[in-house]
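This report refers to the structure that appears directly beneath it.
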Amino acid sequence: MDNWRKSSYSGEGDGNECVEIANTLTHIAVRDTKAPARATLTFPTGAFTTFVEALKQDYSTVTDFARFRG
């Protein structure tokens, strides 16, 4: 996937306190902005919404989740 984009909640400076997503017609992938060469999480398109909703229960923003991952 070559169409990675950062969340609008990336934070100040170079925006390395966030995650990036890329999508195709059938899948959505998520990776850590600070370590883009590492493994990605890949979801079927419909499952991504479930993933994000689960995050909202424990973290106020995706940025909080990225900070939690360290």
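First residue of the sequence shown? That's 4 in my numbering, and the numbers climb one at a time after it.
We put the CB at the ideal spot given by N, CA and C, even for glycine.
Please return the same chain residues whose Cβ sits closer than 8 Å to the Cβ of residue i, not counting the five positions on each side in sequence.
| i | result |
| --- | --- |
| Thr29 | Pro47 and Thr48 |
Helix, strand or coil: which one does DSSP assign to residue i?
| i | result |
| --- | --- |
| Thr40 | Note on identity: in this sequence residue 40 is Ala, with Thr being the wrong assignment. Three-state result, Ala40: coil. |
| Thr52 | helix |
Could you tell me the distance, in whole angstroms, from the CA atom of residue i to the CA atom of residue j?
| i | j | result |
| --- | --- | --- |
| Val55 | Ala25 | 14 Å |
| Thr45 | Phe51 | 9 Å |
| Arg41 | Arg8 | 16 Å |
| Asn6 | Lys37 | 17 Å |
| Lys59 | Thr27 | 24 Å |
I'd like to know whether the C-beta of residue i is nearer than 7 Å to at least one C-beta of chain C.
| i | result |
| --- | --- |
| Arg41 | Of the chains in the structure shown, none is chain C; there is only one protein chain. |
Considering only residues of the same chain and omitting the five flanking positions on each side of residue i, which have a CB-CB separation below 7 Å?
| i | result |
| --- | --- |
| Ile31 | Ile24, Phe46, Thr48 and Phe51 |
For residue i, which residues from the same chain have a beta carbon less than 6 Å from its beta carbon, with the 5 sequence-adjacent residues on both sides left out?
| i | result |
| --- | --- |
| Pro39 | none |
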